[in-house]
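Below: one structure, written as structure tokens.
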Amino acid sequence: MLKSVELTCERGDRTLFSGLNFSIEPGELIHVKGHNGSGKTSLLRILSGLMLQAEGDVLWGTENIRKLRDEYQKNLLYIGHLPGIKGDLTALENLQVNNALSGNVVEEDQAWQALGKIGLRGREDLPARVLSQGQQRRVALSQMLVSKAKLWILDEPFTALDVKAVAMLQSVLEEHINGNGMIILTTHQDFAVNNIEVRELHLGLSEKDV
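Its first residue numbered 2, the sequence shown is counted upward by one per residue in this note's numbering.
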């Protein structure tokens, strides 16, 4: 279980949110909502251990994620708003390297299969820098098809995807939740996951604990 305890985020002299309490357990999906500037991306980065909160704690089970470090990272898949891939590496290399950093070894045939499924067939060996924005986004999202992480934290995962890719991605989210995974995401787009309750966490002036 991931738990936020009295979490406060500040940027400069501005408080984006404060006293935020929520938890997520296996088989749950939380959609973080809020107006631009409410701190959605900052919250995801804090939960991923990439940004330090002003106050409060983030717990994995009963331990602070900053104490667990490597153990927590092995259970986490974070995909940010930007693709986060290396332009000089091919799509295939990016997928394998990104997973290796979290301790997950992806065999080459498994990587080829994942890239083909996400719509990059024929582009697996191209340097990422020559791919379109949407194709680079698919390279990043291909990690979801091979990840062994229990918790997925996704910032605008549907950005720059066509209708077919959005539908495929929705089915991947469903499969992860049905396998007792956990997902926290932000998105400005409508999405649907069959037979799964989507909890909403609203950031802003009228913010309430969930």
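No residue lacks a Cβ here, since even glycine has one placed at the ideal position from N, Cα and C.
Same chain, Cβ closer than 8 Å to residue i, five either side skipped, listed in chain order
i       : result
Thr-91  : Glu-125, Asp-126, Leu-127, Pro-128 and Ala-129
Trp-113 : Leu-93 and Glu-125
Ser-39  : Leu-17, Phe-18, Leu-204 and Gly-205
Glu-11  : Leu-17 and Ala-55
Leu-194 : Just to set this straight, residue 194 is Val in the shown sequence, not Leu. Result list for Val-194: Leu-30, Gln-171, Leu-174, Glu-175 and Ile-178, in chain order.
Thr-42  : Gly-81, His-82, Asp-156 and Thr-187
Bridge partners - residue i, DSSP secondary structure assignment
i       : result
Asp-156 : Thr-187
Lys-34  : His-203
Glu-125 : Partner(s): none; Glu-125 has no beta bridge.
Ile-25  : Leu-3
Phe-18  : Cys-10
Buried or exposed by the 16-neighbour rule on C-beta atoms within 10 Å, applied to residue i
i       : result
His-177 : buried
Pro-27  : exposed
Ser-172 : exposed
Glu-108 : exposed
Gly-20  : exposed
Asp-163 : exposed
Glu-157 : buried
Arg-122 : exposed
Ser-5   : buried
Arg-200 : exposed
Leu-83  : exposed
Leu-170 : buried
Asn-22  : exposed
Other residues of its chain near residue i: CB distance less than 7 Å, five sequence neighbours each side excluded
i       : result
Arg-88  : Per the sequence shown, residue 88 should be read as Gly rather than Arg. Excluding positions up to five away in sequence, the list reads Pro-128, Ala-129 and Arg-130.
Ile-197 : Leu-30, Glu-175 and Ile-178
Leu-146 : Ala-115, Lys-118, Ile-119 and Val-173
Gln-134 : Ala-161
Gln-1   : Beyond the ends of the chain as shown, which are 2 and 211, falls residue 1; an answer cannot be given.
Chain-order list of residues whose beta-carbon lies under 6 Å from that of residue i (same chain, five-residue window excluded)
i       : result
Lys-209 : Unreliable positioning characterises Lys-209 in this predicted model, as indicated by a pLDDT of 42, which lies under 50. The coordinate reading is nonetheless provided below. So the list is empty, once near-sequence residues are dropped.
Leu-155 : Ile-80 and Leu-186
Ala-150 : Asn-76, Leu-77 and Leu-78
Ala-166 : Gly-120
- Message: Threshold first: 3 residues or longer. Then list the beta strand (DSSP E) segments lying entirely within the segment 42-93, N to C.
- Response: 56-61 and 77-80
- Task: Count the CB pairs spanning the segment 91-106 and the segment 139-154 that are closer than 8 Å, and state whether there are at least three.
- Result: yes
- Query: If you pair each beta-carbon of the segment 65-80 with each one of the segment 40-57, do three or more pairs fall below 8 Å?
  - Reply: yes
- Message: I want to know whether the segment 30-37 touches the segment 183-195 - three or more CB-CB distances under 8 Å.
- Response: yes
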